[in-house]
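Residue numbers (full-length UniProt numbering), protein chains in the order written: chain A, 1 to 495; chain B, 1 to 165.
Every residue gets a Cβ at the ideal spot worked out from N, C-alpha and C, and that includes glycine.
First up is the structure itself, then whatever we jot down about it.
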Amino acid sequence: MTPGGGSGPMKDCEYSQISTHSSSSPMESPHKKKKSVPKRKWEVFPGRNKFFCNGRIMMARQTGVFYLTLVLILVTSGLFFAFDCPYLSEKITPAIPAIGGILFFFVMGTLLRTSFSDPGVLPRATPDEAADLERQIDIANGSSSGGYRPPPRTKEVIINGQTVKLKYCFTCKIFRPPRASHCSLCDNCVERFDHHCPWVGNCVGKRNYRFFYMFILSLSFLTVFIFAFVITHVILRSQQTGFLNALKDSPARYPFTEIYSVVCFFSVWSIVGLSGFHTYLISSNQTTNEDIKGSWSNKRGKENYNPYSYGNIFTNCCAALCGPLSPSLIDRRGFIQPDTPQLAGPSNGITMYGATQSQSNMCDQDQCIQSTKFVLQAAATPLLQSEPSITSEELPLPGKTSISGPCATLTLGQPTPPSSMPNLTSDSGLTDIIPLKEEHEGHQFLTPEEAPSPPGMLPSGSPITHSHTMHVLSLASQDSLHEDSVRGLVKLSSV
Amino acid sequence: LCLQVHSLQELRRSASLATKVFVQRDYSDGTTCQFQTKFPPELESRIERQLFEETVKTLNGFYAEAEKIGGSSYLEGCLACATAYFIFLCMETHYEKVLKKISKYIQDQNEKIYAPRGLLLTDPLERGMRVIEISIYEDRCSSGSSSSGSSSSSSGGGGGGAGGR
Chain A
1 MTPGGGSGPM KDCEYSQIST HSSSSPMESP HKKKKSVPKR KWEVFPGRNK
51 FFCNGRIMMA RQTGVFYLTL VLILVTSGLF FAFDCPYLSE KITPAIPAIG
101 GILFFFVMGT LLRTSFSDPG VLPRATPDEA ADLERQIDIA NGSSSGGYRP
151 PPRTKEVIIN GQTVKLKYCF TCKIFRPPRA SHCSLCDNCV ERFDHHCPWV
201 GNCVGKRNYR FFYMFILSLS FLTVFIFAFV ITHVILRSQQ TGFLNALKDS
251 PARYPFTEIY SVVCFFSVWS IVGLSGFHTY LISSNQTTNE DIKGSWSNKR
301 GKENYNPYSY GNIFTNCCAA LCGPLSPSLI DRRGFIQPDT PQLAGPSNGI
351 TMYGATQSQS NMCDQDQCIQ STKFVLQAAA TPLLQSEPSI TSEELPLPGK
401 TSISGPCATL TLGQPTPPSS MPNLTSDSGL TDIIPLKEEH EGHQFLTPEE
451 APSPPGMLPS GSPITHSHTM HVLSLASQDS LHEDSVRGLV KLSSV
Chain B
1 LCLQVHSLQE LRRSASLATK VFVQRDYSDG TTCQFQTKFP PELESRIERQ
51 LFEETVKTLN GFYAEAEKIG GSSYLEGCLA CATAYFIFLC METHYEKVLK
101 KISKYIQDQN EKIYAPRGLL LTDPLERGMR VIEISIYEDR CSSGSSSSGS
151 SSSSSGGGGG GAGGR
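What follows is the structure, given as C-alpha cells:
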C-alpha cells in the first residue's frame, strides 16, 4: 500500500484500492453490486457435518458405516421376508410377517430419525458474545495474566447441591452447558452429549437420544425375531426332510441362510447388550460420556451423586423418552440475513458461523466506503485504545488475514496490538484434552476428545474480526478528521 | 431535538449500536432453560430494574412451561413413539408452540418497553438459548457524544432520554 499524502484524489485512490484489494475476485469491478443468491445457514455451517435435501438432513462427515448399517438391516430383513415368511405364514400364522413388517418399519423410521436429525448442536458464539465472555474471564482472572497462556477456563455451578464444572470450549467460544460436550469428529458442541455413533453416522445427543434408544431397542427385537424364526423355519423343515436336507433345500438360499443367521447371531448379542446398557443409562439419567468418565460414580467420593436424576427409575425413563423435544438451535434452513443497515456498521446483525465472505458480499458499496472512513478515524482516535472489548478481541489466526470481502478487509486496519488470545486456540486448549477412546460393548464409538480443532477455528476467526471492526466503527467519533484519517491510513498500511 | 420515543423500526435506522449486554443462563436448577435475573449494571441508567426482572422472570416461566414434564408431554411423547416419530412431520410440538409465544412476547416487550428506552432484546433462540442479548443503542442525534462504549450517554440523548421515563 502506498503511503498516502494529504491530497484528495489520493484519498479516493486509497479508498478504491482497499475495496478492490478486498473483493473476492481480483478482476471484479468494485462498483459492481453483487446480487448473490441468499445463502442458507447450513451452507456456511462451521462444524464438520454433511447436509442433504437443502439443509433438512444433517449427518456427520463419515457416513460409510451408516450405509453399512442400512445395508445389513435391509438385506437381512429382505431375505427374511422373501424366503422365510412365505413358509412361516403358511405353516404357522400370517401374523409373523405382519409383526416383522411393523418392527422393520419402526427400526427404519427410528434409524433415519437418529441419523438425520440435529443431535442438539450448540451454535457457536457470536463475536459479541465471545468478546463479552473474554472480558468477563479477564476480569475474573485479573488483568495481569502472567504468561501468554491464561489458565484453563472453568466455571463452577451448583446444581441440586452438586458442584459441576462448566468448561470453556475454545472452538465454539462458549461455556458449555452442563452435560454438553464437544464432539471432535463433528467439531460441534452437543447438548447432553452421549456419544458419537458411527453406525448411525451422527452424534447422539439431547435431541436424538430417544430415537437412538428406540432404534436399538426395536432393532434388538427385530434381530431376535428374525433369528428366532429363521431357526424355527429350519427346524420345521428339518422335521420334514432332515436337517441337512433342509439346509440344502433351496441351493440358492444355502449361503444366504448361513450368512444372515451368523449376522443375526452376532447382532443379537451386541445389540441386545447395547440396549441393556442404554436402558441402564436412561433409568439412572446418565449419558454414556458421564458413565465412562465415572462422573457420578460413588468411587469418586461418598458425596458424589447424579444431580440430574429425578430419583426414581420411572420418572427418569419417562423424562428421557417422553419428555418434550427441544427445537434445533442451529436453524439450518434459515437464510443468512444481511446486516441491518446502520451508519456505524452493525455488530449485532452478524449471527453467522464463519460467514464472512457471504456477509461481506452483501455489504453495500456505500456502506463499505463509509465504514472505511470510520476505520481510519478509529485508527486516529486514541480513545479506542482503552476500550477493553477491543483489546480482548481475538484476531484471526495468522495466515488468514487475506479474507475476501470488502468489509472484512478492514481487519487489516486493526489499531490494537494482538492480544494473547490467538495462542489460546491452539495451545492452551490442549490442556483441556481428556482423550478417551474406548470400545464399549463391542461397538466402536468414540467418546469425544475435548480437543479444540484449529481448522475449525479458522472460519470463525473471520467474522469475529469483521464484527470487531464494525464494533470499532460504531465507537469511532463521528467528526470527520480527514488529515488524521489519511495519517491513520499510513499507520494501517504499515501494520 | 432528538428526545423522542423510538419505535422499533426507527431504532434500527436512526440509532447506532453502543454496546450489548448478555444475560447468561442460570444452571442452578439443572439443564432446564432459565436465565439469571441479576440486573446488569450497564442497564442501570436505561431501564427500571423491576421491568427488566419481570421480563426475565416471564421468559423463565415460558421456558419452564415448554420443558415441563407432565401428562401432556408424556402423551405427546408416547403418541410420537407409537407412530415411529413420523407424526413430527405434520404436528408442531408443544415446545415449538411455546417458542412462538415467547417470540411474540419478546417482540411485544421490545415495542412497548425496550425500544422506547433505546434497548433491544434478542430472542435467546437466535443465540442458541445461551444468552438474552440486550442491544443498547445510542441516538445518532446526540451529537458530540464521544461514545466510550458506555451505555449511559452523558448528553442525555439516546433512547434513555425518551418519553419512556
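Interface flag for B/Tyr63 against chain A is unset, since no Cβ pair is found closer than 8 Å.
Taking a contact as a CB-CB distance under 8 Å, the pair B/Leu17 and B/Ser135 counts as one, their CB atoms being some 6 Å apart.
Secondary structure of A/Arg40 (DSSP, three-state): strand.
Among the CB atoms of chain A, none fall inside 8 Å of the CB of B/Thr32.
A straight line joining the alpha-carbon of A/Val234 with that of A/Val224 spans about 15 Å. One Cα belongs to A/Ser220, the other to A/Phe52, and the distance between them is close to 29 Å. Contact between B/Leu121 and B/Gln109 holds, since their C-beta atoms are separated by about 6 Å, short of 8 Å.
Pairwise C-beta distances place the stretch 277–294 of chain A in contact with the stretch 305–324 of chain A, as three or more of them are shorter than 8 Å. Counting only unbroken stretches of 3 or more residues, the beta strand (DSSP E) elements lying wholly within the stretch 47–129 of chain B are 119–122, in sequence order. Taking C-beta atoms as the reference points, A/Pro177 and B/Arg25 count as a pair closer than 8 Å. Within the same chain, Cβ atoms closer than 8 Å to the Cβ of B/Glu67 are found at Thr32, Cys33, Tyr95, the five residues on either side in sequence being excluded.
For A/Asn160, the chain B residues whose C-beta falls within less than 9 Å of its own C-beta are Ser28, Asp29, Gly30, listed in chain order. In summary, A/Lys41 is buried, with 16 or more beta-carbon neighbours lying within 10 Å of its beta-carbon over all protein chains present. When the beta-carbon positions are compared, A/Ala140 and A/Cys172 stay at least 8 Å from each other. Around A/Leu70, the same chain offers Leu111 as residues with beta carbons nearer than 8 Å, after the five sequence neighbours per side are excluded. With its beta carbon less than 8 Å from one in chain A, B/Met129 belongs to the interface.
Ranked by Cα distance from B/Cys90, the options B/Val21, B/Tyr105, B/Ala80 are led by B/Ala80. Sequence-ordered contacts of the stretch 99–112 of chain A with chain B read Phe105, Phe106, Gly109, Thr110 [C-beta pairs closer than 7 Å]. A/Val190 sits buried, since 16 or more C-beta atoms from the chains shown fall within 10 Å of its C-beta.
With its beta carbon less than 8 Å from one in chain A, B/Phe86 belongs to the interface.
Note on A/Phe170: 16 or more other CB atoms within 10 angstroms of its CB, so buried under the neighbour-count rule. Take the alpha-carbon of A/Leu79 and the one of A/Ala98: they are about 15 Å apart.
By the Cβ neighbour-count rule, A/Arg207 is buried, with 16 or more other Cβ atoms within 10 Å of its own. Against chain B, the CB of A/Val157 has a partner CB under 8 Å away; the residue lies at that interface. A/Leu236 and A/Ser117 have their C-alpha atoms spaced approximately 43 Å apart. Per the DSSP secondary-structure output, B/Arg25 pairs in a beta bridge with B/Phe35.
For a Cβ distance threshold of 8 Å, residue set Ile69 of chain B lies close to A/Ala319, ordered along the chain. Rounded to whole angstroms, the gap between the alpha carbons of B/Pro41 and B/Thr19 is 13 Å. Taking a Cβ-Cβ threshold of 7 Å, the residues of chain B close to A/Leu325 are Thr93, Tyr95, in chain order. With 16 or more other CB atoms across the displayed protein chains lying within 10 angstroms of its CB, B/Tyr114 is buried.
At a C-beta separation below 8 Å, B/Arg25 has these neighbours in chain A: Pro177. Counting along the chain, the unbroken beta strand (DSSP E) around A/Tyr168 starts and ends at 162–169.
Going by DSSP, A/Thr154 is part of the beta strand (DSSP E) stretching over 154–159. Counting only runs that start and end inside the UniProt domain "Palmitoyltransferase DHHC" (165–293) of chain A, the alpha helix (DSSP H) elements of at least 4 residues fall at 209–241, 243–248, 253–283, 288–293.
For A/Phe104, the enclosing alpha helix (DSSP H) has its first and last residue at 95–116. Burial state of A/Tyr209 is buried, judged by a 10 Å Cβ sphere holding 16 or more other Cβ atoms.
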